[in-house]
Amino acid sequence: MLGALPVHAEPAAIATLGPLIGLAALGAFHGINPAMGWLFAVSLGLQRQNGWAIGSAVFYISLGHVASLLVVAVALALAGFFVPLFWVRIAAGVFLTGFGIYKLVLYYRHFRWVGMNVSGRDLIAWSFLMATSHGAGLMLAPIILNLDEEGAGAPDLEHHSGLLDIADTATAWGVGLTVHTVAMLTVMLAIALVVYRKLGLAFLRRGWLNVDLLWSAALILAGLTTLALAIL
Amino acid sequence: MALMTPDPTFYPSARLAIQGPPERLGYVAVLNTNGQPDAMSVVDLDPESPTYSSIVNSLEMPNVGDELHHFGWNACSASLCPYAPHPHLERRYLIVPTLRTSRIYVIDTKPDPFSPKVVKTVEADVIANRTGYSRLHTVHCGPDAIYLNGIGSAEGGAPGGILRIDHNTFEPLGAWELDRGPQTLAYDFWWHMGLDVAITSEWCTPDLFENGPSLADIVAGNYGHKIHFWDLRRRRHLQEVDFGSENQMVLELRPSHNPTKAYGFVGVVVNSQDLSSSVWTWYQDGEKWAVTKVIEIPAEPADPALLPEALKGLGTVPPLVTDLDLSLDDKFLYVSCWGSGQMRQYDVSDPFNAKLTGVVELGGIVNKTAHPKSGPLIGAPQMVEISRDGRRVYATNSLYSSWDDTFYPNITGWMAKFNVNPEGGLSLDEDFFVDFGEGRAHQVRLEGGDASSDTFCYP
Chain F
1431 MLGALPVHAE PAAIATLGPL IGLAALGAFH GINPAMGWLF AVSLGLQRQN GWAIGSAVFY
1491 ISLGHVASLL VVAVALALAG FFVPLFWVRI AAGVFLTGFG IYKLVLYYRH FRWVGMNVSG
1551 RDLIAWSFLM ATSHGAGLML APIILNLDEE GAGAPDLEHH SGLLDIADTA TAWGVGLTVH
1611 TVAMLTVMLA IALVVYRKLG LAFLRRGWLN VDLLWSAALI LAGLTTLALA IL
Chain Z
2 MALMTPDPTF YPSARLAIQG PPERLGYVAV LNTNGQPDAM SVVDLDPESP TYSSIVNSLE
62 MPNVGDELHH FGWNACSASL CPYAPHPHLE RRYLIVPTLR TSRIYVIDTK PDPFSPKVVK
122 TVEADVIANR TGYSRLHTVH CGPDAIYLNG IGSAEGGAPG GILRIDHNTF EPLGAWELDR
182 GPQTLAYDFW WHMGLDVAIT SEWCTPDLFE NGPSLADIVA GNYGHKIHFW DLRRRRHLQE
242 VDFGSENQMV LELRPSHNPT KAYGFVGVVV NSQDLSSSVW TWYQDGEKWA VTKVIEIPAE
302 PADPALLPEA LKGLGTVPPL VTDLDLSLDD KFLYVSCWGS GQMRQYDVSD PFNAKLTGVV
362 ELGGIVNKTA HPKSGPLIGA PQMVEISRDG RRVYATNSLY SSWDDTFYPN ITGWMAKFNV
422 NPEGGLSLDE DFFVDFGEGR AHQVRLEGGD ASSDTFCYP
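Protein sequence lines, in the order shown, are assigned to chains F and Z.
In this text, residue positions in the first sequence follow this note's numbering: the first is 1431, and each later residue adds one.
In this text, residue positions in the second sequence follow this note's numbering: the first is 2, and each later residue adds one.
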């Protein structure tokens, strides 16, 4: 039950750099995964024979990605209103671990989108669905929920006056998600441009590691971390 | 099995697939009409091997009377498509539909590709109940699922259409079309993946082909004479293009392999007025699709005494273009003339100006041109397959059981090989000839993929 009562040390948004580095690292990890969008951006550049298409594709893909993260963040925050943090962590941890195991065992289940001829709005929708179905937002749960420990977590109405907490939480999470998304966007754009301009398509045959397996492992790790933070 | 890097037989682009290693073996669908089950034969294509140019194994199907015809792979280069990537699948299972009995056999080609095994059968009633289709024909591995089509409806009439089966369980997922518009007849399908456009063609309803060709129905224009364009993403009919009812049986569809290009080739088997065959190019004309005839092959006068019963009254041999295949570089189109007995090569670098660059005579209704390793041949090049590098072309000689019997009584199965001059021209490979005896050889699939097995999402 130790984790059930968040220790609200200071109301400052984020006291340490640790969580931000973690969120940035996960952003880079999401950016590396071809399924999150750099591959689509490269192919649109090739299909339209225009390198600028890559930049605009990455932009729209990032919007969809961040929209998916926001849904998860709002869900976690709402949960935090009604349920003690301990139980939010237990639920998120169990779900994440289970989802990771599901994706590991049924790793070959994949997205069913069909369509290359996409508008910006289509790309946002595609990226939102892709990130959501891969659990990209949930993967951030241990860090996001841990921002609480740093002083600005999910508001706990039982113990605190709500409004200040809400503002703190929103600021902290907003900064966190921005850092994550900028990191992802940067990595995604860099890989897309390097593959498009330097490495060429042949790179896909050798360099395309099975990120799906790594991704499943990351989900399980995130789940176990969330559980550990709840229990320890 | 999860692979850590993509299956080495998946290529992002046709350009890269051309650099792939030469095939060492091919799978050939073999039809039996003698009361024996059909078979999937493994043919040795490695010139260095002691068993080169022979059948090294034959896998019997579990049932009799299936009529194996076309088939494809569970996974191919389409797995690399960017919007639903899953490159760590394996090209491993042959998806083998049956044309007469409407089953799907799933054949595992690993661990020993020379010794494939049937690992699953999806029965006709399951397919009919879930999809409403029968008389299963074309297979293409798609980015999201395996796509097949059925020429007939569940009841054996119209409409025929496309169905999908799951990549992993091989279970039918239902009919593909959400809005089929005016389309009723079916034969082949393929797509322009870069444009989200699918194309389907027309043979006829099952009652019109199962008992053999009907001259009266050709004259009456009762066979299919249209192709249909579809929104691949929204699964909706976009447009039909009518070739005119004199152009009977619009069959094989060969879109450009480069996904940034918007053209392809389709063959018309017979013109009801003059019995010629033709090849047409489809292309985008503004917002609409259009077709234009780029190849016409006339019928040849012949001594009626040499003609089979069905053609005696006509006194000519129709060329009967029944298959086409486009090399992966989109440069050469191979056209088989199953009636006159020719394999033709056209340079289609300019898709509106096809140039005849090579002809090899083999078999034929009247000529029966011999192969150096055979006597006079019954049948003629029918199904064509091209190696990834475009250097070798294989052909088999059977079309469809009851049609074989009409045009080539006493047909026996064989497979021949042609060598390609990359600058243009082709020649018969005199060392390669496979005799299937009573078995009738149909589609060939080459190890690791060929010129009609894969879809590329990158140029």
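Note that the Cβ used here is the ideal one computed from N, Cα and C, for glycine as well.
For clarity, every value in this text was computed on a predicted model and none was experimentally measured.
| Check | Outcome |
| --- | --- |
| Interface positions of the region 206 to 235 of chain Z facing chain F (Cβ-Cβ less than 7 Å), listed along the chain | 233, 234 |
| Distance, residue 156(Z) Cα to residue 440(Z) Cα | 29 Å |
| Segment contact flag, the region 150 to 166 of chain Z with the region 200 to 210 of chain Z, C-beta cutoff 8 Å, min 3 pairs | yes |
| Within chain Z, the residues that residue 1540(F) reaches when beta carbons sit closer than 7 Å | 85, 87 |
| Chain-order list of residues whose beta-carbon lies under 8 Å from that of residue 21(Z) (same chain, five-residue window excluded) | 10, 12, 389, 390, 449, 450 |
| Proximal residues, the region 4 to 21 of chain Z versus chain F, C-beta separation under 9 Å | 4, 5, 6, 7, 9, 11, 12, 13, 14, 16, 17, 20 |
| Residue-chain proximity (residue 177(Z), chain F), Cβ-Cβ < 8 Å | no |
| Exposed unless 16 or more other CB atoms sit within 10 angstroms - verdict on residue 418(Z) | buried |
| Cβ of residue 1473(F) within 8 Å of any chain Z Cβ | yes |
| Cβ shell of residue 1587(F) (< 7 Å), same chain only, five flanking positions each side left out | Any reading at residue 1587(F) must be qualified, since the residue scores a pLDDT of 45, below 50, and its modelled position is unreliable; no value is offered. |
| Neighbour list for residue 1476(F) in chain Z, Cβ cutoff strictly below 8 Å | 261, 459, 460 |
| Exposure label - residue 1569(F); buried when at least 16 CB within 10 Å | buried |
| Residue environment, residue 291(Z), which counts as buried when at least 16 other CB atoms sit within 10 Å | exposed |
| Contact belief for residue 278(Z) with residue 269(Z) at Cβ below 8 Å, rounded distance in angstroms | 6 Å |
| Under 7 Å by beta carbon: chain Z residues contacting residue 1464(F) | 86 |
| Within chain Z, the residues that residue 1399(F) reaches when beta carbons sit closer than 7 Å | Outside the displayed range of chain F (1431 to 1662) lies residue 1399(F), so it cannot be described from this structure. |
| 8 Å Cβ cutoff met for residue 267(Z) and residue 281(Z) | yes |
| When 1483(F), 1481(F), 1505(F), 1576(F) are compared against residue 1562(F), the one with the closest alpha-carbon | 1505(F) |
| Backbone CA spacing between residue 255(Z) and residue 192(Z) [nearest angstrom] | 9 Å |
| Cross-strand partners of residue 370(Z) (DSSP beta bridge) | 364(Z) |
| is_contact[residue 1627(F), chain Z] using C-beta, thresh 8 Å | no |
| Within 8 Å, strictly: CB atoms of residue 242(Z) and residue 227(Z) | yes |
| Cross-chain neighbours of residue 1640(F) in chain Z, by beta carbon under 9 Å | 3, 4, 5, 6, 7, 88, 89 |
| Test: residue 196(Z) CB closer than 8 Å to a CB of chain F | yes |
| Straight-line Cα distance separating residue 106(Z) from residue 121(Z) | 6 Å |
| Interface positions of the region 154 to 171 of chain Z facing chain F (Cβ-Cβ less than 8 Å), listed along the chain | 168, 169 |
| Three-state secondary structure assigned by DSSP to residue 1495(F) | helix |
| Per-residue contacts from residue 1545(F) into chain Z (C-beta, under 8 Å) | 84, 197, 233, 234 |
| Sufficient close CB pairs (3 or more, under 8 Å) joining the region 369 to 389 of chain Z to the region 309 to 326 of chain Z | yes |
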